[in-house]
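Read in order, the letters of the sequence shown correspond to residues -23 to -1, 1 to 736 in mature numbering (1 follows the signal peptide of the UniProt record, and there is no 0). Ideal placement from N, C-alpha and C gives every residue a C-beta, glycine not left out. Report on the following structure.
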Amino acid sequence: MKRTQLLCALIAGTMLGTGAAHAQQAAPAETRPAEQDDDSGAADIIVTAQRRAESVQDVPIAIAVVSGDQLVRQQVVEVRDLQRTTSSLTFGPPGGGSPGGGGIIRGIGTFGFSKGAEAAVGIVVDGVVQGNTNISNLFDIARVEVLRGPQGTLFGQSVSAGVINVTTAAPDPDAGMSGKFSLEIAGKDVAGSEFGRQIVRGAYNVPVSANSALRFSVFANRTDGVTRNTYFNRDDELLEYGGRARFLATLGDKVTINLAGDYARNDQHYGTFFQFRSVQPGTQLAGLLAACGVTAGKRGFTNCGSNKDNVTDTETFGGSGQIDVELGSNTLTSITAYRKQLNYLAVDVDRLPGTSSLDVYSNLNTNFRQFTQELRFASDADRPLSYTVGGFYQKADTNNDQFSFVTIRPVPVFTIRSNSRQIQDTSVKNASVFGEARLKFDPFTVFGGIRFTHSEMGQYAAEQNLTPAPGAVRTNYTLYKDDDVSWRAGAQFAVSPAVMLYGSAARGYKSAQINNQDVDIPSTIVRPEKPMDYQLGIKSNWLRDRLAVNVNLFHTTVKDYQTNRCFPVSAADPGTLTCQPDNVSKVVTKGVEADIFGRPTRNLSLNASAIYNVAEYPDDFFATLGNSPAERSLAGQQIAFAPRWKATFSGEYSVPMGGDVDGFIAADVTYKGKTRMGIGRASADFIYPETVVFGGRIGARVDDAWSLALFARNIGNQPIPTHYDNPAVPLGDPATAAIWQWQTQQSRRLVGIQADFQF
């Protein structure tokens, strides 16, 4: 099927009939949730994209809104699953190579292992910037807003590509003692499911007084059988659990207090991280894999390359306090937050068969800490001239302690021939002041904003070789300071109550990185990234405001785009590569986006989006061929992890079945054009072909009190990996002897039962 035919079919199906990406309407200052009425339309969706509660159709920003209902409908469990709900959002490699969660909007993201790297796509939860301590699981969520384009004027941090703005369900003093509980069960090799997953979630609302309430939310997630380690003859195991507590109090009619605390833990064992997609016959590596029962291929989910337990153990927790004070018709807001993440990673770095002559193992302890303070003053939004001014401060510290050892056989298997310890301490401070104003003279509105940011980054690194005898400690320290002014300006025109045109220009900013991966080499500075973005869009409501159709044109030039470059370790060892963060002179991304959402009828809801995005490498970007020192220009080719075409569709139709029972059927589909699956890799083997992935649910609801459904994800069982790579050490084989792939839950079919209860 040609991509244009598929996109047209998706949009046509959307227009004919499914229903609302109806985000839960939020009260001002995001205090109390409001129920979504069955007769409400697209114009009733409330967002806080401009730090105010406004209708999504009145905001001159390209926004995709995902409601809590849609998250349930599509089994969106973690942040990375959001790429199934909106076309402009994709994700890069999981793990340390994608700071801040790895989000990519319109092809622009952050790739690299620099400990001071900041994400181009920021994650904000209930007004709190997450930085590199961001959440993973999504539970008890009111809505998610994906803001496209630079958002630094009001959201701070870097956010040079966009923001994922998450609003959790708030306590409600008027809801009484109430709660909800959900259960998802899928078993490996049961009803066609390729792996097992069991998820439990719950939330409970407790009124404390007429003007205050508590809300407690918890989740637990157990997953197994996505990949298999044949060395141990065991499937991978993942256990995640956590919770959140929120307290809301209104003091009189002028002061509102929001307090929140959250905790989450992620434990993973026996995962192989990478599996082999291809291996050249007759090579040493092919023989080793055959000996341990591993067959390379696109459906390869096994590996024997981890002869020690690969462990990922992550704890993330934090707390925040928000105070809103009404001063006449104005509002003063203070948000104070502290977050921390502890990460332990033990990994078989070489990922080669356990019987190979080389074994490289690494233990890594990482400690992230972050404090943020924001103070914001917002005037009455109903006045002809309205404005928001404020200040923001962030201090983030990262401590990284890594121990690595190398075993070279045929010496005894556990004899350590070489090992080392490396410590990196990184401290980042950002301070900024900002302001944005809007002037209305109906039917026109003009707006503009500016932000001044001062940033400081310091990084200390120390390394010591421990064998054959402890050597001298080598150290390196680098300090970098920078000042920047970012801005946004534009206008909007209300053609009619149902149609709004807008245009804007924005200059964003993402701070520098310190490249200090090798203490024996003087540190280099990866220059700040500075995007210049232009947007022109239309937002329109149809069917008496029940259906929204929005289209947006964009053109972004990113100066000094931050990415990774790979090159040989040395002239004496040209076959082994090292990848370092670096700048590309500029990257241009341009195209068109469309969003269609609403509830055309009481029984029909929908959310669809599509993007055509030209995001190409410039003339001065060269990439390697496998582990070979040979390079090839990627000029004019699409950036990694950025398909030129992508479309998403989600819809649900319900049918009254008598009494209080409604039957429902839901379907979703994601189309993605061919995609480059590796950074800094020129081989055509790194291009993944276009894909279409289907999911759906069928079930019944009783009086909106409980529901039971059968669901399936990735119905076609397409083994789509997150990314590719080449083995770091080819064992003397040709440099392109093999390609790794990273398979995850999205790579396999999942079939199970979902039950939801409200009480």
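Pull up the DSSP beta-bridge partners for residue i, would you.
i	result
methionine 434	Val405, Tyr457
residue 786	In the structure as shown, the chain begins at -23 and stops at 736. Residue 786 is therefore absent and cannot be evaluated.
tryptophan 622	Tyr589
leucine 478	Phe470, Ile515
glycine 156	Tyr181
glutamate 55	Asn114
arginine 125	Gly139
cysteine 281	None, per the DSSP bridge assignment.
glycine 348	Checking the sequence, you will find phenylalanine at residue 348 rather than glycine. According to DSSP, phenylalanine 348 bridges with Tyr315, Lys372.
glutamate 292	Arg242, Leu319
glycine 673	Ala644, Ala689
asparagine 583	Position check: residue 583 holds leucine in this sequence, whereas asparagine was assumed. Answer is Gly575, Gly628.
Which of helix, strand or coil does DSSP assign to residue i?
i	result
aspartate 361	Rather than aspartate, the amino acid found at residue 361 in this sequence is proline. Coil at proline 361, not helix or strand.
alanine 612	strand
glycine 729	strand
aspartate 572	strand
serine 170	coil
leucine 225	strand
serine 500	coil
alanine 268	helix
isoleucine -13	No answer about isoleucine -13 holds up, because its pLDDT of 41 lies below 50 and its placement is not dependable.
leucine 131	helix
serine 724	helix
valine 143	strand
proline 150	helix
threonine 668	strand
valine 390	Because valine 390 carries a pLDDT of 36, less than 50, the predicted location of this residue cannot be relied on, and the following value inherits that uncertainty. Coil at valine 390, not helix or strand.
glycine 202	strand
glutamine 257	coil
residue 768	Here the chain covers residues -23 to 736 and nothing more, so residue 768 does not appear.
aspartate 637	coil
With distances taken from CA atoms, which of the options is nearest residue i?
i	options	result
glutamine 512	Arg484, Arg521, Gln539, Ser500	Arg484
threonine 422	Met477, Tyr437, Glu171, Val450	Met477
serine 488	Gly425, Asp460, Gly467	Asp460
aspartate 596	Ala585, Leu581, Gly613	Gly613
asparagine 111	Ile730, Phe348, Val591	Phe348
tryptophan 622	Thr63, Thr145, Glu31	Thr63
threonine 67	Val177, Gln34, Thr87, Ile118	Thr87
alanine 661	Glu31, Thr652, Thr668	Thr652
asparagine 340	Ile491, Gln379, Pro258, Asp103	Gln379
aspartate 510	Ala163, Ala525, Thr227, Ala466	Ala466
lysine 649	Ala619, Thr204, Thr455	Ala619
proline 666	Pro696, Glu351, Ala686	Pro696
alanine 732	Ala197, Asn377, Ile176	Ile176
glutamine 27	Phe354, Val503, Ala408, Ile588	Phe354
aspartate 286	Ser432, Ala686, Arg211	Arg211
glutamine 107	Gly126, Val24, Val143, Phe116	Val143
valine 561	Ala571, Leu685, Asp572, Val535	Val535
asparagine 453	Asn114, Pro447, Ile491	Ile491
glutamate 399	Asn442, Ser32, Gly173	With the sequence shown as reference, residue 399 is identified as glutamine, and glutamate is not the correct amino acid for it. If we check each option's Cα against that of glutamine 399, Asn442 comes out closest.
Are residue i and residue j close, meaning C-beta to C-beta below 8 Å?
i	j	result
residue 737	tyrosine 240	Any property of residue 737 remains undetermined from this structure, which presents the chain solely from -23 to 736.
arginine 415	serine 463	no
glycine 655	tyrosine 701	yes
arginine 242	glutamate 217	yes
alanine 592	glutamine 557	no
threonine 625	alanine 585	yes
alanine 226	arginine 192	no
glycine 514	tyrosine 479	yes
isoleucine 118	threonine 145	yes
threonine 279	alanine 714	no
isoleucine 573	valine 526	yes
Check the C-beta distance from residue i over to residue j and give it rounded, since I have them as a contact under 8 Å.
i	j	result
tyrosine 364	glutamate 440	The pair is not a contact, with the Cβ atoms about 51 Å apart (cut-off 8 Å).
threonine 647	glycine 84	With 8 Å as the limit, threonine 647 and glycine 84 do not qualify as a contact, their Cβ atoms being about 17 Å apart.
threonine 343	glycine 93	13 Å between Cβ atoms; not a contact.
arginine 726	asparagine 691	5 Å
arginine 678	alanine 643	Between alanine 643 and arginine 678 the Cβ distance is about 12 Å, and since that is not below 8 Å, they are no contact.
glycine 99	valine 53	The Cβ separation is near 19 Å, so there is no contact.
proline 508	threonine 533	5 Å
aspartate 357	asparagine 307	6 Å
asparagine 493	glutamine 436	5 Å
alanine 97	alanine 138	4 Å
glycine 296	tyrosine 315	6 Å
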